[in-house]
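Q:
Encoded structure:
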C-alpha cells in the first residue's frame with residue numbers, strides 16, 4: 001500500500017522545533033500500517049528536518065546557537081543577499097541538515113527511539129507555514 005499527502009505545518013519562529021505530534025495529528029492512516037516506511041520531505045530550501053532529543057528543550061537551543069556560530073549572517077564572502085541577511089545562511093544550514101527523513105513504521109506507530117523526536121529546523125527570521133510531503137509505504 002502507498003499513501004502520499006501534503007501537510008502544512010504552522011508558521012514558527014527561527015529555531016529548532018519538535019513537530020512529531022503535529023505530524024502525527026495529520027496522519028490517521030498510520031494506524032492501519034503494521035510494517036512499513038514513512039518518508040517526510042520538506043518542500044523548502046531554507047528549512048530542514050532532523051531527528052534528535054525530544055525531552056530536553058535546551059538541546060534545541062544549543063543546536064540553534066551552534067548553527068548560528070557555524071554559519072553566521074552577514075559574512076563578507078556571501079553574494080546571495082536578495083532576501084535579507086538570514087537567507088543564504090538558511091540555505092546553507094538546510095543543506096547541511098537535509099530535506100527528508102525515513103522512519104520505520106511498526107504496528108501503526110513511528111519506530112522512533114525513546115528519546116527521539118522529529119525537528120523542524122527553521123532557519124529564517126520571518127518564515128511562513130512550511131509544506132511537508134509525506135509518503136508511506138507499508139501493509
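In our numbering, the protein residues as written are 1 to 139. All C-beta atoms in this analysis are idealised placements derived from N, C-alpha and C, irrespective of residue type, glycine included. Small disclaimer: the values here were computed from a predicted structure and weren't measured.
#1: Assuming residue 46 and residue 131 are in contact, meaning their beta carbons sit under 8 angstroms apart, how far apart are those beta carbons, in whole angstroms?
#2: My output table needs one value for residue 5: the three-state DSSP class, helix, strand or coil.
#3: Whether or not the stretch 31-48 and the stretch 85-105 are in contact is what I'm after, with contact meaning three or more pairs of Cβ atoms, one per stretch, closer than 8 angstroms; do they touch?
#4: Is it buried or exposed for residue 184, if we count other Cβ within 10 angstroms and need 16 for buried?
#5: Give the straight-line distance between the Cα atoms of residue 78 and residue 84, rounded to the nearest whole angstrom.
#6: For the candidate residues 134, 139, 126, whose alpha-carbon lies nearest to that of residue 25?
#7: Give the range of the beta strand (DSSP E) segment to which residue 114 is assigned.
#8: If you drop the 5 nearest sequence neighbours on each side, which residues of the same chain put their C-beta closer than 8 angstroms to that of residue 4?
#9: What's the gap between the Cα of residue 14 and the Cα of residue 126?
#10: Buried or exposed, going by whether 16 or more other CB atoms sit within 10 Å of the CB of residue 113?
#11: Any heavy atom of the ligand HEM closer than 7 angstroms to the Cβ of residue 11?
#12: Name the residue from 94, 7, 65, 107 whose alpha carbon lies nearest to the alpha carbon of residue 44.
A: Considering the structure as presented:
#1: No, residue 46 and residue 131 are not in contact; Cβ-Cβ is about 13 angstroms, not under 8 angstroms.
#2: When secondary structure is reduced to three states using DSSP, residue 5 falls in the strand class.
#3: The stretch 85-105 makes contact with the stretch 31-48; the number of CB pairs closer than 8 angstroms reaches 3 or more.
#4: What is shown of the chain runs 1 to 139, which leaves residue 184 out entirely.
#5: 11 angstroms
#6: 134
#7: Residue 114 -> no beta strand (DSSP E), and no H or E assigned at all.
#8: 133, 134, 135, 136
#9: 7 angstroms
#10: exposed
#11: Here there are no bound small molecules, and the ligand HEM is not part of this structure.
#12: Ranking 94, 7, 65, 107 by Cα distance to residue 44 puts 94 first.
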